[in-house]
Every structure is written in C-alpha cells, then in structure tokens.
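For reference, the structure is listed below as structure tokens.
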Amino acid sequence: MASDQQKNDTMEKIVSLAKRRGFIFQGSEIYGGLAGTFDYGPYGVALKNNVKQLWWKRFVLDREDMFGVDADILMNAAVWEASGHASGFSDPLTTDSKSKKKYRADHLLEAAGVDIKGMNIADMSAAIKERGIKSPEGNSLSEVEAFNMMLKTFIGADVNNPAISYLRPETAQGMFVNFKNILDTFHPRLPFGLAQIGKAFRNEIAPRDFIFRLRELEQMEIEYFVRPANWEESFEHFRQQMHEWTKDIGLSDSHVYELEVASEDRAHYSKRTIDFEFDYPFGRKELYGLAYRTDYDLKSHTEKSGVDLSYFDEETKERFIPHVIEPSFGVDRTILAILSDAYTEDEMGGETRTFLKFSPNVAPVKIAVFPLLKNKPQLVEKAREVYSMLKKEFGAVEFDDNGNIGKRYRRQDEIGTPFCVTIDFDTIEKDQTVTVRDRDTGTQERVAISELKEFLVSRF
Ligand code: GAP
Numbered sequence: 003m004a005s006d007q008q009k010n011d012t013m014e015k016i017v018s019l020a021k022r023r024g025f026i027f028q029g030s031e032i033y034g035g036l037a038g039t040f041d042y043g044p045y046g047v048a049l050k051n052n053v054k055q056l057w058w059k060r061f062v063l064d065r066e067d068m069f070g071v072d073a074d075i076l077m078n079a080a081v082w083e084a085s086g087h088a089s090g091f092s093d094p095l096t097t098d099s100k101s102k103k104k105y106r107a108d109h110l111l112e113a114a115g116v117d118i119k120g121m122n123i124a125d126m127s128a129a130i131k132e133r134g135i136k137s138p139e140g141n142s143l144s145e146v147e148a149f150n151m152m153l154k155t156f157i158g159a160d161v162n163n164p165a166i167s168y169l170r171p172e173t174a175q176g177m178f179v180n181f182k183n184i185l186d187t188f189h190p191r192l193p194f195g196l197a198q199i200g201k202a203f204r205n206e207i208a209p210r211d212f213i214f215r216l217r218e219l220e221q222m223e224i225e226y227f228v229r230p231a232n233w234e235e236s237f238e239h240f241r242q243q244m245h246e247w248t249k250d251i252g253l254s255d256s257h258v259y260e261l262e263v264a265s266e267d268r269a270h271y272s273k274r275t276i277d278f279e280f281d282y283p284f285g286r287k288e289l290y291g292l293a294y295r296t297d298y299d300l301k302s303h304t305e306k307s308g309v310d311l312s313y314f315d316e317e318t319k320e321r322f323i324p325h326v327i328e329p330s331f332g333v334d335r336t337i338l339a340i341l342s343d344a345y346t347e348d349e350m351g352g353e354t355r356t357f358l359k360f361s362p363n364v365a366p367v368k369i370a371v372f373p374l375l376k377n378k379p380q381l382v383e384k385a386r387e388v389y390s391m392l393k394k395e396f397g398a399v400e401f402d403d404n405g406n407i408g409k410r411y412r413r414q415d416e417i418g419t420p421f422c423v424t425i426d427f428d429t430i431e432k433d434q435t436v437t438v439r440d441r442d443t444g445t446q447e448r449v450a451i452s453e454l455k456e457f458l459v460s461r462f
C-alpha cells in the first residue's frame, strides 16, 4: 500500500510532468492563476480530443438510437428553475469565524473521520458543534449553509436592469429542452438518446486536486429516453457500456469501482445512481455517474414551460412522458484518470525513467520519427520521407531531430508515444530498414520501410 506521502508525491509528479511536457497549465498563470481553472496545451488537447472522439464513436456513431446535439451554455434562467438547480444545486458551506475563509463542511467532517453519508445541513452543523471541529486555521466554524453552485451572469446592455442567466452547471438540460425538436424533426421511436459534449461550470467552494474538482469543466452526457417499465434494462445496458468505455481508454479494470449511492445522497432528480469511482493518487473518488432520472426533467419542463413534452407510442397508442437513464462522464476526470494510470517509473539502461503508458487509442502522439543524426542530409531526407508516409496513415506523428537519440526517447516516453522509428546508416546504405522501438519494453526491431505501416497497424 502506498503511503499518503507517496500518493502526494505521485500527484505532484503528474502535475509537474503535465506542465513540463505541455499537457496542462494553470489557468491565467501569468497573473497568479484562477482557482479551479486549467488550460490544456498541445498534448493535452490531443489527448482530450482523442477521448472525446472515442466517446462519440462508441456512444453516437456506432449506434442507431443516438442523436447528437450541441446546445448553448447560456440558457433561459427558467430552465434552472424547472430543473431544480436554482433551489437544489448546492454544497454545504461553513465559514471560519476569524479569517472568514469558506470551507466545504463535508470535507472538514470527513477529514475529522466523520462518516457523512446521509447527513443534511443541520446534521453537519450539529456534528461540527458536538465534535468541536475547527477550521484548518484552528478557529471556530459558522453554522453550515447551502451554497448554490451555479455561476451567475448578466445578459444584455441594460446595466441597471440586466437579465440574469447562469453558466450551465450540467450539459443535460440542453438535451431536455431540445427533446421536442428531435421528436418533431427525426421522429425517433423509444428507446433513443440524445448525446452531447460540452462545457459546464460550477462555483465549487473548494476546487482542488488538479483537474479533479474544477470550476470550468467539460462533460460528455447522454439522456436516454425509455418506456417507464423498461428503465432497469437500459440502466444495466449503460452500466456495462460504461465499463467497456473505461477499457477503450486503457484504464485498468482493477482501479474502477461501482458505488451504489444511498437514497439520501442522490441528486434531487435521481431514483437510482451508481457512481463509477477511480483510484486516483489522492484516493478513491467519483469518476462518472449513472443515474435514473425518471420523468423528473421532462415533466417539470412541461409544467413550467407549458409545452407538452410527452411521447405518443404508435404501438400501444398511449401518450406518456418518457423516463430517462443518464450516463454522465467528466472529460477532465477522465484525463486525470488516464494520466494517473499511465504514469510509470522504471529503470532502463541503468537509469530511472518516467513514462506515460497510454493506450495507443488515446496517445497524443502515436509515432515519432528520428534521423539518427541531425547533420547528415541523407538521413534527414529519408527520415522526412518516412515521416510523411506515416503521417498520412496515422495522423498524430511527430518528427524530432533535437538532441541525441537518448534524449529524444526520454522525451517521447514522457509524452507516452507508443513507438519511435529511427532512420540510420543501415537504412540508406544497406537494406532500407528502420529501427522501431517499443515504449514499454524498450526493445528494438528492424523493420523494412515497405512493411512499416502494416507492422505498426498490427502493433496498435
Ligand atoms: N448531469 C448529471 C451531472 O452533472 P454530476 O455527478 O454532478 O452529474 C457528472 O456530474 C460528472 O461530471 C461527474 O461524474 C464528474 O465526472 C464530472 N464533474 C462534476 N463536477 C466536476 C468538477 N467540479 N470538476 C470536474 N469534473 C466534474
């Protein structure tokens, strides 16, 4: 078992590698940052795009029952009244009596060894008092209050009387409000789903753990509409699909767990929730959620908007409001899980090396091509030729002639490139073969250029 210190060290190493190699930077860094925001650099974007494309392929393109949407972040404030977020989307907040610093009451209680399962705001206030729990600065704490996490914004030029809106806290509502549009334009039969990838915003009291708890995050969500009697079948289907998905992106099965969420801990709209948890370096925490949202959202939008969001079943001639199964995936938590699982240290050639053991599916660079020496034009020319051929086939291919070959391998290992191809003197003077080096084992094989594409395809 890794100690707390080792876990913290691993996290620090991941954050440092992510910055050093251009994956993820602190948001607004040159101004001291902005808590809960991070910017993705070139390799981070490539990794994230691979994840989003794989997700879209599995859950939308490969299916006949899924419809993609891309709804706006800004929505009519009435949406959030109807969804229950205006009144119910909150975290428990407590304030240090002296410093006035704000804390998540549940986090402080957990840190003090209190089991917070099922506790409401009043229970938390009572537990803080009973146990004499202090703030991290050693001061007394205020009563716990419900802090609404939606980020408010103002719309329009009338500054004295602006319209209020919110940056959406979940992408889900963009799909519920488009339910009728999809029914009217595509006439789908139940069961069917809407899928969307997009940003969401939460005014987290305590953003932390790198990209785990953010104020600006990205979600990949599905609202899957079913006949009320069939919800369990679809719930089970997506539960299996979510496990398959974690394999697609290379997460180790033994690091993914299911947690049946107790009724008192479920979101206000859910009758059943399974959290998919992951062993992050800082502990086992929520990666994804699978919820049975019943007809809560469509019913509420029907009541509040006055627009009928029911479905007419041609088979049974019945009209009803469909129920919803919602698999919800955080993109940033996916990236952090992938980085955590891939981060590896070993010894190669008598030296400690660090590498990211990415699945080729998600690796930002699939292949790197090197000329053995930078100052030999024949080598560079041949390497360029091989690079162009591979780039056409595999896309994410990098050409690198900086530093010596050992340094290039180390750099590619650190960004998780599965294969490096080196063009040397044998290539041009002898037999038109190249060296292919495997990231994980460091083994090298000679492969004929004419067979290189097939060789790499077979390895991927
Ligand atoms: N539409 C349902 C919904 O939003 P949620 O459990 O609040 O449910 C879904 O969020 C997923 O979004 C989580 O499982 C997680 O992956 C991601 N997520 C939620 N809050 C986050 C945050 N503050 N930072 C990063 N990811 C977050």
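The sequence shown lines up with residues 3 to 462 when you count with the numbering used here. For every residue, glycine included, the Cβ atom is placed at its ideal position computed from N, Cα and C.
Boundaries (first-last residue) of the beta strand (DSSP E) holding residue i
i, result
"residue 245", "Element bounds for residue 245: not the beta strand (DSSP E) but the alpha helix (DSSP H), 233-250."
"residue 373", "369-373"
"residue 151", "From DSSP, residue 151 is part of no beta strand (DSSP E); its letter is neither H nor E."
"residue 104", "104-106"
"residue 222", "218-228"
"residue 400", "399-401"
"residue 269", "No beta strand (DSSP E) holds residue 269; DSSP gives it neither H nor E."
"residue 456", "Segment 454-461 is the alpha helix (DSSP H) holding residue 456; no beta strand (DSSP E) there."
"residue 165", "165-169"
"residue 439", "435-440"
"residue 421", "421-425"
"residue 262", "258-262"
"residue 450", "446-450"
Extent of the continuous alpha helix (DSSP H) run through residue i
i, result
"residue 479", "Outside the shown range of the chain (3 to 462) lies residue 479, about which nothing can therefore be said."
"residue 417", "407-417"
"residue 125", "123-133"
"residue 178", "174-178"
From the options, residue whose alpha carbon lies closest to that of residue i
i, options, result
"residue 193", "199, 181 and 201", "181"
"residue 184", "73, 200 and 214", "73"
"residue 202", "331, 191 and 20", "331"
"residue 219", "319, 152 and 254", "152"
"residue 402", "236, 422 and 430", "422"
"residue 263", "294, 251, 404 and 109", "294"
"residue 252", "347, 360, 161 and 172", "360"
"residue 56", "250, 129, 447 and 133", "250"
"residue 395", "352, 455 and 343", "455"
"residue 14", "212, 190, 109 and 27", "212"
7 Å CB neighbourhood of residue i in its chain, flanking five on each side removed
i, result
"residue 398", "48, 366, 367 and 368"
"residue 81", "175 and 179"
"residue 244", "278, 290, 292 and 329"
"residue 142", "99 and 136"
"residue 89", "none"
"residue 335", "214 and 289"
Buried versus exposed call for residue i [16 or more other C-beta atoms within 10 Å across all chains shown]
i, result
"residue 325", "buried"
"residue 418", "buried"
"residue 32", "exposed"
"residue 52", "buried"
"residue 240", "buried"
"residue 46", "buried"
"residue 300", "buried"
"residue 445", "exposed"
"residue 452", "exposed"
Close beta carbons around residue i, own chain, < 8 Å, minus the five adjacent residues each side
i, result
"residue 77", "167, 168, 170, 175, 176 and 179"
"residue 375", "381"
"residue 306", "80, 83 and 84"
"residue 364", "49, 52, 53, 56, 251, 252 and 340"
Residues near residue i by beta carbon distance below 6 Å, same chain, minus five either side
i, result
"residue 400", "367 and 370"
"residue 37", "209"
"residue 70", "62 and 197"
"residue 323", "297, 300, 301 and 312"
Counting only runs of 3+ residues fully inside the region 313-394, write out the beta strand (DSSP E) ranges in chain order. 313-315, 320-322, 325-332, 345-350, 353-358 and 369-373
Please go through the region 21-91 and give each complete alpha helix (DSSP H) segment of 4 or more residues, from N-terminal end onward. 44-58, 79-85 and 87-90
Return the chain-ordered ranges of every alpha helix (DSSP H) run that is complete within the region 291-316 and spans a minimum of 4 residues. 298-307
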